[in-house]
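All you need for the working numbering is the position in the sequence shown, starting with 1, plus 1371.
Scroll down for the structure; my scribbles are underneath it.
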Amino acid sequence: MHSYIQKKQVHVPEAVELCLVWMDAISNADTGAVNQEFDVQVYDEFVIKGNTGVLRCQIPSFVKEYVSVTSWVRDDGLVIHADTDSSGRYTVFPSGELHVRQVDTSTDSHRKYYCQAKHRLTGKVFRSSTLARLIIIGT
């Protein structure tokens, strides 16, 4: 064996203590992410008449990896689920975006939407604290 390599001996109790410290740190990190309060936000967006309007569900970055958008709800009660067939006017993407195709002033300008998101670790469902609408421009 080369002289510059030093062999360190680790005693079993020290190794166990080190593992427990690491496990506690990981547990506390997960608990912090689970128990932290946050708000889901949505904002009005502009879209040109006839195009696709995009609404975004804003989830804080510190919980984003634990939270998924499950649906968008229109003010008349229509629920647009993330797993809905995307061939219609509405699509919810994995990013949480809601796409509304072929927007029209007569049908879409007065509608408001909120997003719903679910925390994967706790199962708690969050609803955006505000409603968003598509502001349609053009004739």
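Ideal Cβ positions, reconstructed from N, Cα and C, are used throughout, including at glycine.
- In the DSSP assignment, Ser1442 falls within the unbroken beta strand (DSSP E) covering 1438–1445.
- Under the DSSP assignment, Thr1462 falls in the beta strand (DSSP E) whose first and last residues are 1461–1463.
- DSSP places Arg1498 inside the beta strand (DSSP E), whose first and last residues are 1496–1498.
- When the Cα atoms are used, Leu1469 and Thr1462 turn out to be separated by approximately 6 Å.
- Assigned with DSSP and collapsed to three states, Lys1483 falls in strand.
- Counting the other CB atoms within 10 Å of its CB gives Leu1492 a total below 16, which places it among the exposed residues.
- For Glu1416, the enclosing beta strand (DSSP E) stretches over residues 1416–1419.
- Here Phe1464 is exposed: its Cβ has fewer than 16 other Cβ atoms, across all protein chains shown, within 10 Å.
- For the pair Val1418 and Val1496, the CB atoms are not nearer than the 8 Å cut-off.
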